[in-house]
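K.L.:
Take a look at the following structure, please.
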Amino acid sequence: KWQKERDDACFSVPVDSEVLDVDFDFEKNLALFDKRAVFEEINALSKSDHVR
Amino acid sequence: FMRKHLSDPYEINLMDELTLKGVTQYYAFVQERQKVHCLNTLFSKLQINQSIIFCNSTQRVELLAKKITELGYSCYYIHARMSQQHRNRVFHDFRAGLCRNLVCSDLFTRGIDIQAVNVVINFDFPKMAETYLHRIGRSGRFGHLGIAINLITYDDRFNLHRIEQELGTEIKPIPKVIDKSLYVPEFQMEEN
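Protein sequence lines, in the order shown, are assigned to chains A and B.
Start counting the first sequence at 271; every next residue gets the next number (our numbering).
Start counting the second sequence at 52; every next residue gets the next number (our numbering).
As structure tokens, this is what we get:
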């Protein structure tokens, strides 16, 4: 069911949608994901697992 | 057999290891619902000679191929639920250059060895490092250049982290302008 929702979200955008007329904003989206901070968080998580 | 018929043979292993050398790897951060938009922009901006686009399920291969066709780009698709004969036919035609884009699931066990493919797109980011290497990696004797672009959602963050660690590689954020000499043959310097 989760997969179905994911597919719907991904493929239900109509191809004549106005969204597609403008370029996808890569920079704006990259700014929403601080890779280094997320990775540090993951590292911290795995370390604390290790201690336990 | 060898000892009987060959005198003093040299043994050479012709199965080259897969390598990420020569492949520049980028990621774009997206939401699931932005993936098609993102792909459409990549198609219009990149100088694609031939491309392979990977999805994580046969269902998604079919849905994406349909979408790409509706967007006005030609594409073939292959996945595991097609007959081997049909798959071979499509792959042969793609290799012969009859179509620019190929959408597929994970069928290649030896990496991609088509010289004309200069762009690989992971529409869905894989879970395993081995899968990533098979999709992006090249066998050593085809050390030609290319780019790989990964569409990354927030849910992919653990896989991204693990795959980078396991392969000892770095996937960088996609720059505003991608240097053509990284993947367009005409822009490449003479190779040594």
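Glycine included, each C-beta is placed from N, C-alpha and C at the ideal position.
1. For B:I187, which three-state DSSP category applies?
2. Quick check on this structure: which residue in B:V81, B:C150 and B:E237 has the alpha carbon closest to the alpha carbon of B:N173?
3. If I measure Cβ to Cβ from B:A116 and keep anything under 6 Å in the same chain, skipping five residues before and after, which residues do I get?
4. Look up B:T120 in the DSSP assignment and give the residues it is bridged to.
5. What residues from chain B crowd round A:A279, counting only those whose CB sits closer than 7 Å?
6. Applying the criterion that 16 or more other CB atoms from any shown protein chain within 10 Å of the CB defines a buried residue, is A:D286 buried or exposed?
7. Thinking C-alpha only, which one of B:P236, B:H212 and B:L93 is nearest A:A307?
8. By the three-class DSSP mapping on this structure, what secondary structure does B:T220 have?
9. For the structure I just gave you, are there three or more beta carbon pairs, one from the stretch 69 to 87 of chain B and one from the stretch 96 to 109 of chain B, closer than 8 Å?
10. Along the beta strand (DSSP E) that carries B:V170, what are the first and last residues, could you check?
11. Please determine, among B:L218, B:C89 and B:D164, the residue with the shortest C-alpha to C-alpha distance to B:F142.
12. My guess is that A:F296 and B:I225 are in contact by the Cβ rule of under 8 Å, so how many angstroms apart are they, rounded?
13. Do B:E83 and A:A279 come within 7 Å of each other at the CB atom, strictly closer than that value?
P.N.:
Taking the structure as given:
1. helix
2. B:V81
3. C126, Y128 and V154
4. DSSP output for B:T120 lists no bridge partner at all.
5. E83 and R84
6. exposed
7. B:H212
8. coil
9. No: the two stretches stay apart, fewer than three of their Cβ pairs being nearer than 8 Å.
10. V168 to N173
11. B:D164
12. 5 Å
13. yes
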